[in-house]
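Peer 1: Sharing a structure with you now.
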């Protein structure tokens with residue numbers, strides 16, 4: 007569209023003289039008066055313009071946000087989500103954590119059996135047990151408040167004591183009789199000791 | 006209360022004064038209530054964000070679409086009403102103002118009615134709208150040269166008709 011072209015300038019195809027006279031005659035004819043109510047139209051146009059402006063402003067507020075309020079809640083949501091994700095990760099890692107000092111293969115837990123009764127019956131199926139071979143359910147689990155850092159974690163010695171208490175019925179010192187059969191024997195002292203040293207002392 | 010992106014009221018009023026009569030004549034080619042189409046077009050122009058670059062061309066295009074839609078609706082309504090009561094007569098109000106207006110319109114449309122619809126549209130747009138040939142071509146969906154050929158032919162036809170009447 008050429009904006010430079012003036013509306014009433016003749017185009018490439020020009021009229022003849024009679025045509026120009028007719029054209030001038032038509033231009034001179036008065037158009038009938040408009041039946042549009044000017045005041046009503048201007049009022050309605052102003053009303054529609056204000057409504058459109060309000061709608062436009064509402065759309066822009068929805069699209070771009072309106073200051074502090076719309077930035078605060080997304081930021082708070084992001085912080086809460088990050089914190090929740092971090093807590094869940096900590097819980098998952100601590101639940102799967104292996105207690106390395108106790109599960110060392112060089113150390114064997116030997117627990118004194120204090121229960122009364124026939125020692126031979128009680129120790130007939132006793133045998134040394136590696137802690138690492140025990141099922142996970144028998145290991146002590148840290149309480150939730152400790153994992154979340156709300157209470158202080160127990161000491162290493164306390165944890166060893168707890169494990170020893172769990173294993174009391176299973177682990178015992180071992181001796182061999184003349185037929186080379188392993189025989190369990192209750193100890194008189196000590197709670198967690200080296201198995202080889204205990205056996206030497208006992209024999 | 007207008008946004009900087011909306012057309013100012015003074016500009017709207019000036020467009021109304023300049024083009025309302027020509028727009029009504031233009032819309033009357035298709036529908037029986039051209040003033041409604043013109044009013045709706047101006048209201049749409051006021052609410053438009055941002056306003057069109059060439060308001061006059063935009064107004065003629067909108068009025069044309071509204072008038073064609075109105076004529077289709079009126080045709081459907083007439084068909085439906087005729088089917089319901091075939092013998093009913095359409096009643097028109099007959100005030101003196103409407104009669105004078107109708108006489109004025111009749112005088113002009115007597116000349117224009119002899120033209121083919123496409124030629125009549127080109128003549129009205131060219132003589133009374135002030136649009137350029139390119140804008141007329143875009144509005145009527147024909148090439149600029151074709152629109153000019155139709156215009157020249159229509160003017161010659163009108164000239165011979167007016168000479169015969171005189």
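Protein chains in written order, with the working numbering: chain A, 7 to 209; chain B, 6 to 171. Positions of the beta carbon are idealized from the N, C-alpha and C atoms, including for glycine. Please read these numbers as outputs of a predicted model, since none were measured by experiment.
What in chain A is Cβ-close to residue 54(B), meaning under 8 angstroms?
Peer 2: The contacting residues are 58, 59, 62.
Peer 1: What residues of chain A sit near residue 30(B), judged by a beta carbon separation below 8 angstroms?
Peer 2: Residues of chain A passing the Cβ test: 37, 38.
Peer 1: Which chain A residues sit within Cβ distance under 7 angstroms of residue 18(B)?
Peer 2: Correct list: 48.
Peer 1: Using the rule of at least 16 other Cβ atoms within 10 Å of the residue's Cβ for burial, across every protein chain shown, is residue 31(B) buried or exposed?
Peer 2: By the neighbour-count rule (16 or more Cβ atoms within 10 Å), residue 31(B) is buried.
Peer 1: Comparing C-alpha positions only, which one of 55(B), 140(B), 163(B), 75(B) sits nearest to residue 35(B)?
Peer 2: Nearest of 55(B), 140(B), 163(B), 75(B) to residue 35(B), Cα basis: 75(B).
Peer 1: How far does the alpha helix (DSSP H) with residue 125(B) in it reach, from first residue to last?
Peer 2: Unbroken alpha helix (DSSP H) run through residue 125(B): 122-129.
Peer 1: Determine, using beta carbons only, whether residue 55(A) comes closer than 8 angstroms to chain B.
Peer 2: Yes - at least one Cβ of chain B is within 8 angstroms of the one on residue 55(A).
Peer 1: Report yes or no: is there a C-beta of chain A within less than 8 angstroms of the C-beta of residue 81(B)?
Peer 2: No - not a single Cβ of chain A is within 8 angstroms of the one on residue 81(B).
Peer 1: Checking contacts by CB at 8 angstroms: is residue 163(B) closer than that to chain A?
Peer 2: At least one chain A Cβ lies under 8 angstroms of residue 163(B).
Peer 1: Pull up the distance between the alpha-carbon of residue 96(A) and that of residue 76(A), whole angstroms please.
Peer 2: If you take the alpha carbons of residue 96(A) and residue 76(A), they lie about 31 angstroms apart.
Peer 1: Starting from residue 78(B) and walking both ways along the alpha helix (DSSP H), at which residues does that stretch end?
Peer 2: Taken as a continuous stretch (DSSP letters only), the alpha helix (DSSP H) holding residue 78(B) covers 60-89.
Peer 1: Would you mind telling me which residues of chain E sit closer than 7 angstroms to residue 127(B), beta carbon to beta carbon, in chain order?
Peer 2: In the structure shown, chain E cannot be found, because the protein chains are A and B.
Peer 1: Please classify residue 42(B): is it buried, with 16 or more other beta-carbons within 10 angstroms of its beta-carbon, or exposed?
Peer 2: Answer is buried; the Cβ neighbour count reaches 16.
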